[in-house]
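For our numbering, count along the sequence shown from 1 and bump the result up by 34.
Data first, discussion second: the structure below is written as structure tokens.
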Amino acid sequence: MQQQMQEHTLAISGMSCGGCVNAVRKALSALPGTQVDAVAVGSATVSYDTGLTAVAALEQAVRDAGFDLDTAGVAGKTGDAGSGHGCCG
Ligand SMILES: [Cu+2]
């Protein structure tokens, strides 16, 4: 069996508290082949098996959990908390 683990960091906007962190962690860890390495307000680092899932699926899980991808970039701007997304409105 060939496992090809790839690490990916997602920049996420709309996170603002520990509840958001938990929601994102739960959403990502529910995907097949993923191992959530770290989640903080504004970002999540995940290792995933490229044979089982893809970055697009990770991003979709984040959106499904009620958050947005901060596609403007990991470096620099912090997500705009309080935009009405996530667990705390
Ligand atoms: Cu929250």
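All residues carry an ideal CB built from backbone N, CA and C; glycine is no exception.
In this structure, Asp71 sits near Ser81, with a CB-CB distance shorter than 8 Å. Ranked by how close their Cα comes to the Cα of Phe101, the residues Thr68, Ser50, Leu65, Gln69 have Ser50 in first place. Ranked by Cα distance from Ala95, the options Gln40, Lys60, Gly76 are led by Lys60. For Leu62, the secondary structure class from DSSP, reduced to helix, strand or coil, is helix. Non-local C-beta neighbours of Gly53 in its own chain, meaning closer than 7 Å and more than five positions away in sequence, comprise Cys121, Cys122, ordered along the chain. Separation of the CB atoms of Ala57 and Leu103 is rounded to 15 Å, and the pair is thereby denied contact status at 8 Å.
Around the C-beta of Thr68, 16 or more other C-beta atoms lie within 10 Å, and the residue is accordingly described as buried. For Gln40, the enclosing beta strand (DSSP E) begins and ends at 39-47.
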